[in-house]
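Just so we're aligned, residue 79 is where the sequence shown starts under my numbering, counting upward by one. Beta carbons are placed, not taken as given, at the ideal position from N, Cα and C, and that holds for glycine. Keep in mind the model is a prediction, meaning the values are calculated, not measured. Notes follow once the structure below has been shown.
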Amino acid sequence: RTAITELLPMSEAIARLVLARAEARAIAEVAEAEGMRGMFADGMLKALAGVTTPDEVLRVTRDA
Numbered sequence: 079r080t081a082i083t084e085l086l087p088m089s090e091a092i093a094r095l096v097l098a099r100a101e102a103r104a105i106a107e108v109a110e111a112e113g114m115r116g117m118f119a120d121g122m123l124k125a126l127a128g129v130t131t132p133d134e135v136l137r138v139t140r141d142a
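Printed below as a string of structure tokens:
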């Protein structure tokens with residue numbers, strides 16, 4: 079089994095947004111700008127490496 083993961087590092091900018099109760103989309107935009115890789119992107123990188131398939135990535139991330 080292989081994990082497809084998404085990790086949100088708590089930077090100062092993200093901490094400020096969380097404390098201000100910002101919308102999830104605003105937090106995600108900052109996180110992505112800071113280099114966070116989402117589940118879909120992580121899965122597709124693993125598919126390109128031959129660890130999994132694009133179909134499996136879509137199956138597990140479609141509702142994520």
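Between the C-alpha atoms of residue 137 and residue 109 there is a straight-line separation of about 24 Å. In this chain, the alpha helix (DSSP H) harbouring residue 122 covers 117-126.
In the structure shown, residue 95 adopts helical secondary structure according to DSSP, grouped into three states.
With contacts defined by Cβ atoms closer than 8 Å, residue 84 and residue 116 form a contacting pair. Its chain contains 82, 118, 121, 122, 124 and 125 as the residues whose beta carbon lies nearer than 8 Å to that of residue 135, once the 5 sequence neighbours on both sides are disregarded; these appear in chain order. Boundaries cannot be given for residue 141, as no alpha helix (DSSP H) includes it and DSSP labels it neither H nor E.
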